[in-house]
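Chains as they are written, first to last, in our numbering: chain A, 287 to 495; chain B, 2 to 213; chain C, 29 to 222.
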């Protein structure tokens, strides 16, 4: 399955016949969408934790947000590469999506700081869950804020090159998106399984003492 | 309504505690004034008038953080928070009482800071002032909750700014926009939206943060 | 009134309670003993509803407004006076005739003269007595006391003895203590934590 994944990821950009900046687009946007999806999943699990009270959801929420943050970091990196390829700079404030991701990245990094500073238990699970919910509320609100801020922050020197997608390009985009989503799902399951294993090992160790 | 009576009793308690202890408010006042003076030296001559508004908002956010860091300290001495949680009142009333009290302190500090700002830097019109009020509500609402979250763990002084600052970014946009932009009204509406969303979220989720 | 089976509580990596069963009938007087760290405080917190058991079933037959809890800590505001503290909790617990009840309790625990002084000026014994007033303020059906004698001097202890004698039978009481001998006469059941 992993091989198919990698193939899909490489084939997809190869199909794109435009310049490098377009090729990055095929990876950058799916990664961004996947990050959003992971954060959303994390919030759903968080809501389930608060509603149902089953601690199982804490781990699932955490792993989802962890994945989301990784993909978020990748979004910023691919975004920087894209900016470099398109406009010759590594960062621009005029790309609303990039700025949004920067804010979200900061927010979710703080999520891990929060978890790190609280002891394992229902307190940490609940506080994390509440924070995760704040995160998804922040996404649209931040986006609005950044749109409004365009007014007065920095003059838009670079115009965004929104690619018009024709049929084949759209197909390629979908393939790429599917591949990245699959990758995220696989990583999610792997990490979750790993965490469950850790927990089981720990319980065994304690039972033996 | 009993709920409002509970909130009033709790807010009154916070105001009383602060009046007796006098820890937080003087510190906030001095901090914001000192910051404004620092800014005078930090802004270059030709930076343009609008830059000052940006710095005003930085000062406001960090002053609010100062107040928020101390918000739950009275409840931590002698473990009083447990006593409040045990009471039959709605837990969200605890949050609301604390938020209103923190808001009162922030407004009090601004009652000195804003005239000082006008004196040192730039004038503030009605839109800007309404923006300050709305953003204050937002930051106190969210901050009270985050402060309670951080209080339960280690390194809480470091954690609180990390939790609050990303959430404060839209507020800064709203506040500066209200002061600077020709269409200030739009930003005020945005701040109203922020307050509605996050105040309700904070109000509803406080219960889960403070119980096991 | 209270029925718990297989109660277990974990904080982080540490198991504080393991497989504890507890049953207290209405009007019963249970004494919980055990060395430091055996989980007495944790058990009382579970009974008070301040914490949920990690495993096991627990049923406490009253809602939280009818529970009085005396913790290790006093649960009162340092910067407020005794009267202000009790008035706040009196409001939150919706006590009828608040003023009278507060005055009566302060008198009963010899705090009337210090009623308008801030708690920060109190001795440990006085603070503990105020904490007792707070726990008893709303005439709770279930009273949970965590080592109530620890900070009291002889006079304070005598006051508490008298109070407990009055409460036994009509109220359900659970006391965690190092000194079970003192309550021998009142107790209806004993739970020893390892």
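Cβ coordinates follow ideal geometry from the N, Cα and C atoms, glycine included.
By how many angstroms is the C-alpha of residue j removed from the C-alpha of residue i?
i                      : j                      : result
residue 196 of chain C : residue 75 of chain B  : 34 angstroms
residue 495 of chain A : residue 139 of chain C : 50 angstroms
residue 120 of chain B : residue 32 of chain B  : 17 angstroms
residue 78 of chain C  : residue 183 of chain B : 52 angstroms
residue 360 of chain A : residue 379 of chain A : 18 angstroms
residue 93 of chain B  : residue 205 of chain C : 34 angstroms
residue 38 of chain C  : residue 395 of chain A : 27 angstroms
residue 457 of chain A : residue 312 of chain A : 11 angstroms
residue 180 of chain B : residue 322 of chain A : 32 angstroms
residue 35 of chain C  : residue 202 of chain B : 34 angstroms
residue 440 of chain A : residue 130 of chain B : Residue placement at residue 440 of chain A is poorly supported in this model, since its pLDDT is 49, which falls under 50; the coordinates are not used for a value here.
residue 150 of chain B : residue 34 of chain B  : 29 angstroms
residue 207 of chain B : residue 116 of chain B : 35 angstroms
residue 331 of chain A : residue 347 of chain A : 5 angstroms
residue 17 of chain B  : residue 73 of chain C  : 29 angstroms
residue 87 of chain C  : residue 89 of chain B  : 18 angstroms
residue 152 of chain C : residue 70 of chain B  : 28 angstroms
residue 470 of chain A : residue 358 of chain A : 12 angstroms
residue 184 of chain C : residue 109 of chain C : 19 angstroms
residue 36 of chain B  : residue 113 of chain B : 13 angstroms
Is it buried or exposed, residue i, if we count other Cβ atoms within 10 angstroms and call 16 or more buried?
i                      : result
residue 111 of chain B : buried
residue 67 of chain B  : buried
residue 113 of chain C : buried
residue 77 of chain B  : exposed
residue 464 of chain A : exposed
residue 4 of chain B   : exposed
residue 408 of chain A : buried
residue 164 of chain B : buried
residue 442 of chain A : Because residue 442 of chain A sits at a pLDDT of 44, beneath the cut-off of 50, its placement in the model cannot be relied upon, and the point is left open.
residue 102 of chain B : buried
residue 194 of chain C : exposed
residue 2 of chain B   : exposed
residue 83 of chain C  : exposed
residue 54 of chain C  : exposed
residue 175 of chain C : buried
Using a C-beta to C-beta distance shorter than 8 angstroms, which residues of chain A count as neighbours of residue i?
i                      : result
residue 170 of chain B : 389, 428, 431
residue 136 of chain B : The contacting residues do not exist; residue 136 of chain B stays about 12 angstroms from chain A at best.
What does residue i touch in chain B if you count any residue whose Cβ is under 7 angstroms from its own?
i                      : result
residue 104 of chain C : 79, 81
residue 99 of chain C  : 80, 83
residue 396 of chain A : 163, 164, 167
residue 116 of chain C : 10, 14
Grouping DSSP H, G and I as helix and E and B as strand, with all else coil, what is residue i?
i                      : result
residue 57 of chain C  : strand
residue 440 of chain A : Unreliable positioning characterises residue 440 of chain A in this predicted model, as indicated by a pLDDT of 49, which lies under 50. A coordinate reading is not provided.
residue 71 of chain B  : coil
residue 460 of chain A : helix
residue 30 of chain C  : strand
residue 165 of chain C : coil
residue 128 of chain C : helix
residue 90 of chain C  : coil
residue 377 of chain A : coil
residue 220 of chain C : strand
residue 208 of chain B : helix
residue 263 of chain C : Because chain C in this structure spans residues 29 to 222, residue 263 of chain C falls outside the shown range and cannot be described.
residue 121 of chain C : coil
residue 40 of chain C  : coil
residue 52 of chain C  : strand
residue 445 of chain A : With a pLDDT of 44 at residue 445 of chain A, under the threshold of 50, the predicted position of this residue should be treated as unreliable, though the coordinate-derived value follows. Coil, per DSSP.
residue 104 of chain C : coil
residue 174 of chain C : strand
Which chain C residues are close to residue i, counting only those with a beta carbon under 8 angstroms from its beta carbon?
i                      : result
residue 213 of chain B : 78, 79, 80
residue 113 of chain B : None at all; the shortest Cβ gap to chain C is about 24 angstroms.
Taking Cβ-Cβ distances shorter than 7 angstroms, what residues in chain A pair up with residue i?
i                      : result
residue 160 of chain B : 399, 400, 403
Under 9 angstroms Cβ-Cβ, which residues of chain F neighbour residue i?
i                      : result
residue 156 of chain B : Absence of chain F from the displayed structure is noted, the protein chains being A, B and C.
Quick one: which chain B residues come within Cβ less than 8 angstroms of residue i?
i                      : result
residue 393 of chain A : 167, 168
residue 107 of chain C : 17, 18, 21, 22, 75
Anything in chain A within Cβ reach of residue i, meaning under 9 angstroms, just list it in chain order.
i                      : result
residue 202 of chain B : 416, 419, 420, 423
* Asked: In the region 39-51 of chain C, which residues sit with their C-beta less than 9 angstroms from some C-beta in chain A, listed in chain order?
  -> Cβ contacts with chain A come from 39, 40, 41, 43.
* Taking a Cβ distance cut-off of 7 angstroms, strictly less, list which residues of the region 63-95 of chain C are near chain A, in chain order. => Correct list: 80.
* Return the residues of the region 27-45 of chain B that lie within a Cβ-Cβ distance of less than 8 angstroms from chain A, sorted by chain order. => Using a CB distance below 8 angstroms, no part of the region 27-45 of chain B faces chain A.
* Anything in the region 119-146 of chain C with a Cβ closer than 9 angstroms to a Cβ of chain B? List those residues in chain order, please. => Contacts with chain B (Cβ-Cβ distance below 9 angstroms) from the region 119-146 of chain C involve 119, 120, 121, 122, 146, listed in chain order.
* Using a Cβ cut-off of 7 angstroms, which residues of the region 403-414 of chain A contact any Cβ in chain C, in chain order? -> Within the region 403-414 of chain A, the residues whose Cβ lies closer than 7 angstroms to some Cβ of chain C are 405, 406, 407, 408, listed in chain order.
* Below 7 angstroms between beta carbons is the criterion; list the residues of the region 310-337 of chain A that meet it against any residue of chain B, in chain order. => Within the region 310-337 of chain A, 336 place their CB atoms closer than 7 angstroms to a CB of chain B, listed in sequence order.
* **Chain-ordered residues of the region 2-22 of chain B with a beta carbon less than 8 angstroms from chain C** => The residues in question are 3, 6, 7, 10, 11, 14, 17, 18, 21, 22.
* Asked: Listed in chain order, which residues of the region 83-109 of chain B have Cβ atoms closer than 9 angstroms to some Cβ of chain C?
  -> Within the region 83-109 of chain B, the residues whose Cβ lies closer than 9 angstroms to any Cβ of chain C are, in chain order, 83, 84, 85, 86, 87, 88, 89, 90, 94.
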